[in-house]
Each structure stands twice: as structure tokens, then as C-alpha cells.
Amino acid sequence: MKPLIESLAKNTHNVWAKEKIKRGWTFGLNEFVDATQKRTPHLVPYEQVDERIKEANREGAKENLKVLQLFGIFLEPPVHEHDEIAEKEISALNSQQRTYRAEATYIVTTGKWYFEFEVLVEGFMKIGWMDVSAAPDTSLGVDDKSYGFDGHLVKKWHLGAESYGKEWKKGDIVGCFLDLNDRTISFSLNGDLVLDPSGSEMAFDNVSLFLKKTDT
353 MKPLIESLAK NTHNVWAKEK IKRGWTFGLN EFVDATQKRT PHLVPYEQVD ERIKEANREG
413 AKENLKVLQL FGIFLEPPVH EHDEIAEKEI SALNSQQRTY RAEATYIVTT GKWYFEFEVL
473 VEGFMKIGWM DVSAAPDTSL GVDDKSYGFD GHLVKKWHLG AESYGKEWKK GDIVGCFLDL
533 NDRTISFSLN GDLVLDPSGS EMAFDNVSLF LKKTDT
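Numbering-wise (our numbering), the sequence shown opens with residue 353 and increments by one.
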């Protein structure tokens, strides 16, 4: 029973973490949760979670199991695939990040623009476009001033993240398209346009103006 309780407690944390990441939350060093900046010290792999939180999750798992057993329902330890995905996301977002972007002299305000980059190393990266007014220490896609594609976690980023595209690998070429006439952003992977789940070639529409290219 103990391994099952521990697996359920871990799954509770991972589900919570995935929902936070989806809503644009990131890890913060402050002891307290910062709802304004969407940062929390608890957005870490389960092994690093505060013991009090682990214990609360275990107690919740025990109570849920008792209720199920009253109805004659008995569970086996869950499959770990979703746990591994959640831990990959948490690990990526907790890694040290730095935003690189073009200087203000390279602002684009009209027309159609394109740039590309080669994936030289494995790991968490985002590439895309950022508004000129965005703070230089802001991670790409966590607010309303930037748009990005992340081929490590396979997500697109704007006010949070959602599933998009395919996983990129070392040596791949990623293209970034910006159409300021139609206010759309698209991405390509090795020359093929990346499609969203509905089959659309647009990653974002109604994008803000006064953007500049950037990656993190």
C-alpha cells in the first residue's frame, strides 16, 4: 500500500505543477507564493518538494483510497509516463535561463519577416518574437508581450503554454515567420511549416505590433 500512496502523492504534485505551468507560472526563490508575478517556490521536482506538502499529499491519497475501498474499488500503482512528462517540464522551467534579443535598432513595425536558427545543443529553449516594451529579464511567452515556440517540451508560449508542433533535435533548423500585415506568427522545422492540432499553419494570430526577434 505504501508504494501506491507515494505514487498517488507524487501524481498529485505533478498534476498541480502541470496546471501551474499551463497558466504561465514559474519557479521563484521567494519563500512565499507571488501570485502577481506568478512565481512559486513549490514548482520543483517532487523529490525536492517540502516534506510538509508531501505529507499532505500522502494523507489525501490515503483518504481517497479508503473511500474507493468502501465501494470495493482497489487500485494498482499508476503508470509513470505522465509523471516523467511533468518532471521534464518542471526540470526545464527550473533550469537557468537567459533571454537573447536584438537591439532596439532592429525593431520591425511593418511587412513580413523571417529568421532561423540551428539547434546546437539539447535542452530547454524557446524562440520567437518579443514586443519592444518587454522587460529584458522576462522569459519568452510568459506574458502578453512575447510569443515563442519550444521544441523541447513541444509547446507554444504566450501568456502560458499549450501543446504545439513537434520535438526538435540537435542539428534541426527552426524558422520564425512574422507577418505584420496579417498580424500572424508561424514556425517551421527543417523547412516544413509547423501545424497546430487543428492543422492550421498559424501559431498565433492578432499579434501585437512593434516586435523584435528573440530566443531564450
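We treat Cβ as the ideally placed atom computed from N, Cα and C, and that holds for glycine.
Taking 9 angstroms as the cut-off, the Cβ atoms of F467 and G527 count as close.
With a threshold of 16 other beta carbon atoms within 10 Å, I537 meets it and is buried.
Of the residues assessed, F423 falls on the exposed side of the cut-off, its CB having fewer than 16 other CB atoms within 10 angstroms. For G412, the secondary structure class from DSSP, reduced to helix, strand or coil, is helix. Inclusion of W377 and T392 in the CB contact set at 9 angstroms is warranted, their separation being smaller than that value. Straight through space, the alpha carbons of G480 and S359 are spaced by roughly 37 angstroms. Contact between the segment 408-418 and the segment 543-561 is absent: fewer than three C-beta pairs spanning the two stretches fall below 8 angstroms. Here K508 is near E514, since their CB atoms are less than 9 angstroms apart. For the set G503, M482, V460, D402, the Cα lying nearest the Cα of E474 is the one of G503. A buried status is given to G517, since no fewer than 16 other beta-carbon atoms sit within 10 Å of its beta-carbon. In the DSSP annotation of this structure, the continuous segment of the alpha helix (DSSP H) that includes K372 starts and ends at 354-374. Within its own chain, no residue has a Cβ closer than 6 angstroms to the Cβ of K354 once the five positions on either side in sequence are excluded. Within the same chain, T364 come within 7 angstroms of G412 by CB-CB distance, once the 5 residues on both sides are set aside. In the three-state reduction of the DSSP assignment, K521 falls in the coil class. Around V471, the same chain offers W520, K522, D524 as residues with beta carbons nearer than 6 angstroms, after the five sequence neighbours per side are excluded.
Here N382 is exposed, its C-beta having fewer than 16 other C-beta atoms within 10 Å. Per DSSP, reduced to three states, the secondary structure at V419 is helical. When L532, K370, S550, M554 are compared, the shortest CA-CA separation from S540 is found for M554.
Put simply, the backbone Cα of K390 is about 22 angstroms away from that of V484. In the three-state reduction of the DSSP assignment, Y398 falls in the helix class, which pools H, G and I.
Taking 4 residues as the shortest admissible run, the segment 479-546 contains no complete alpha helix (DSSP H) segment at all.
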